[in-house]
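In my numbering, the protein residues as written are 1 to 357.
Each residue gets a CB set at the ideal place from its N, CA and C atoms; glycine is no exception.
All remarks here apply to the structure that follows.
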């Protein structure tokens, strides 16, 4: 049951969002972010724990191995990308979830994610063109952020979702691609969730700009063990370390090399004011790659950004992003924030600063 305080809170936030919608682009201050944006009371921390514990299921098989997973290849310029479709016979959701994982991440990484969605949510898992599964022309293929973002919309249209109510969610680099697509006026979705979006590439820009173009892709293959050690050097959280190892093991280095070279100048900061759509930025953890302070900044720089914070540990990351997808898929887009997530939405304070084209 929705309480009167929750209704008033929702109306107040809706008013804030409406007032943030502007006729001309604006950039917003992010230098004075309140520490409250990344903190929760003990009671709310317990609520997060209870929600996560109640959402996860045990003995769930890897979703890519299920016999009822539908494998779909979608035609994109110079190749095809893979989509995995899961449709349980009796779902709790009222609309499907479309999920875009991060850079090079294989489905095997998302076992915990699937343990929340199993038998509950119909979903489409879109693997972008830098993934191992894509079938791309080696010499003609482009790997720019705009190209990969346009592929996501092509997949949405090929799947017949453009006329339906659905949730579009991405994590890390997947979320960054979605934001780029919205910025380019390519991606259209009723509800968009950006989980831990990367504002720029995390690899050395010097290497990507000056070294990578000179080194053949097969050399990077020989350097796979070194890349693992380098990647793990500053990682101490076991789950994040294993995730990184799985990603490097699945890497197709000619794709990675080309994608890194073509995206080394990508930057969301300073460009987010171009996005007019409502975006839900979601965060709860931090690690060597994901700077937690980026997420309220990104939400604040988005004119209609909304920030939901559910603090938990890094080993809970996949459960948390799945919980977000689950709850948003159980309500219609017109309902905005699901009732159980409303207490975790943070109020963002925006101050206009001059914007020069």
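8 Å Cβ cutoff met for residue 147 and residue 79: No, they are not a contact pair.
Simplified DSSP state of residue 224, which is helix, strand or coil: helix
Range of the contiguous beta strand (DSSP E) that encloses residue 83: 79-86 is the span of the beta strand (DSSP E), which, as asked, contains residue 83.
Coarse secondary structure for residue 269, derived from DSSP in three states: Three-state DSSP puts residue 269 in coil, outside helix and strand.
Residue 306, enclosing alpha helix (DSSP H) - first and last residue: Going by DSSP, residue 306 is part of no alpha helix (DSSP H) but of the beta strand (DSSP E) stretching over 305-309.
Among 277, 116, 201, the one whose alpha carbon lies nearest that of residue 53: 116
Where residue 185 falls, given that 16 or more other Cβ within 10 Å makes a residue buried: Counting Cβ neighbours within 10 Å, residue 185 comes out exposed, since fewer than 16 surround it.
Presumed contact (8 Å Cβ cut-off) between residue 324 and residue 93, rounded CB distance: That pair is no contact at about 13 Å.
Contained beta strand (DSSP E) runs [length at least 3] in the region 98-131, N- to C-terminal order: Those beta strand (DSSP E) runs which fall completely within the region 98-131 and span 3+ residues are 123-126.
Three-state class that DSSP yields for residue 247 in the structure shown: helix
Sheet register partners of residue 350 (DSSP bridge): According to DSSP, which records beta bridges pairwise, residue 350 is partnered with nothing at all.
Beta-carbon gap between residue 177 and residue 149 smaller than 8 Å: yes
Buried or exposed by the 16-neighbour rule on C-beta atoms within 10 Å, applied to residue 223: The residue is exposed, with fewer than 16 neighbouring Cβ atoms inside 10 Å.
Option nearest residue 197 by Cα separation, candidates 208, 161, 266, 241: 266
At least three beta-carbon pairs within less than 8 Å, the region 186-193 to the region 317-336: yes
One or two residues paired with residue 53 in a DSSP bridge: Paired residues: none, contrary to the question.
Any 3 or more C-beta pairs closer than 8 Å across the region 38-50 and the region 304-317: Yes, since at least three Cβ pairs between the region 38-50 and the region 304-317 fall closer than 8 Å, the two stretches touch.
Beta carbon of residue 261 nearer than 8 Å to that of residue 217: no
Inter-residue spacing [alpha-carbon to alpha-carbon] between residue 105 and residue 113: 13 Å
Distance between beta carbons of residue 339 and residue 308, contact taken as under 8 Å: 13 Å between Cβ atoms; not a contact.
Residue ranges of each alpha helix (DSSP H) within the region 121-189, 4 or longer: Whole alpha helix (DSSP H) segments, 4+ residues: 145-158, 173-183.
Residue 99 beta carbon less than 8 Å from that of residue 125: Result yes, Cβ atoms of residue 125 and residue 99 sit closer than 8 Å.
Under 8 Å between C-beta atoms of residue 110 and residue 96: no
Through-space distance from residue 132 to residue 326, alpha-carbon basis: 27 Å
Spatial neighbours of residue 91 in its chain, beta-carbon cut-off 7 Å, leaving aside the 5 residues before and after: 120, 121, 122
Endpoints, alpha helix (DSSP H) assigned at residue 324: In the DSSP assignment, residue 324 falls within the unbroken alpha helix (DSSP H) covering 317-329.
Sequence-distant residues of the same chain with beta carbon closer than 6 Å to residue 251, five excluded per side: Here the set comprises 104.
Beta-carbon proximity of residue 254 to residue 56, cut-off 8 Å: no
Buried/exposed call for residue 287, threshold 16 Cβ in 10 Å: buried
Buried versus exposed call for residue 62 [16 or more other C-beta atoms within 10 Å across all chains shown]: By the beta-carbon neighbour count (other beta carbons within 10 angstroms, threshold 16), residue 62 is exposed.
Residue 243 to residue 279 span [Cα, whole Å]: Cα-Cα distance, rounded: 26 Å.
Residue 84 beta carbon less than 8 Å from that of residue 64: yes
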